[in-house]
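These notes are about the structure you will find just below.
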Amino acid sequence: MFMQHVTIYTTRLEDSVAFYQDIVHLEIVSDRRPNAPMVFLANQKGETEIELIEVPAEQAYTGSGLAIGFYTENVESEHERLNGLGLEPTDIISPAPGVSFFFVKDPSGVQIQLIQE
Numbered sequence: 000m001f002m003q004h005v006t007i008y009t010t011r012l013e014d015s016v017a018f019y020q021d022i023v024h025l026e027i028v029s030d031r032r033p034n035a036p037m038v039f040l041a042n043q044k045g046e047t048e049i050e051l052i053e054v055p056a057e058q059a060y061t062g063s064g065l066a067i068g069f070y071t072e073n074v075e076s077e078h079e080r081l082n083g084l085g086l087e088p089t090d091i092i093s094p095a096p097g098v099s100f101f102f103v104k105d106p107s108g109v110q111i112q113l114i115q116e
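Per numbering that gives the first Met the number 0, the very first residue in the sequence shown carries number 0; after that it's consecutive.
What follows is the structure, encoded as structure tokens:
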């Protein structure tokens, strides 16, 4: 088995689509708008898939304790870029030799980890 996709229930579909396109560099692979408030995004190889569904506030993600990790080739430049966009990424953490990462929140508050190994 393998993970097909991660679904994020959001009240901010347009902002979330823009975040995953501009910040995580995913591309829309299936757009169900305007028939349904649902968009699937994936990397160029289709390996990483995020499903965004717009829902009423009481059904949207509001918790903590969830992080979705994405590989980046240069954690320092990504950190600088996101900081420049005002997204307030966490400090870069290096828990082991050759591993560095930081977190930034998507429009729904999901922790997104950008990691370089």
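Glycine included, every Cβ here is placed at the ideal spot set by N, Cα and C. In this text the structure is predicted, and so the values were computed from the model without any measurement.
Contact under 8 Å by Cβ, residue i with residue j
i: Leu12; j: Glu53; result: yes
i: Val28; j: Ala41; result: yes
i: Val23; j: Ile111; result: yes
Rounded separation between residue i and residue j - CA only
i: Ser32; j: Thr61; result: For the record, residue 32 in the displayed sequence is Arg; it is not Ser. Cα to Cα, Arg32 sits roughly 23 Å from Thr61.
i: Lys104; j: Gly45; result: 23 Å
i: Ile49; j: Phe100; result: 20 Å
i: Glu79; j: Leu25; result: 19 Å
i: Gln20; j: Val38; result: 11 Å
i: Phe1; j: Gly68; result: 16 Å
Residue from the options with nearest C-alpha to residue i
i: Leu113; options: Pro88, Thr9, Pro106, Pro96; result: Pro88
i: Pro55; options: Pro36, Glu26, Gly83, Glu79; result: Pro36
i: Gln115; options: Leu81, Ala95, Val74; result: Val74
i: Tyr70; options: Leu86, Thr47, Asp90; result: Thr47
Close beta carbons around residue i, own chain, < 8 Å, minus the five adjacent residues each side
i: Ile7; result: Ser15, Ile49, Glu50, Leu51, Ile52, Tyr60, Asp105, Ser107, Val109
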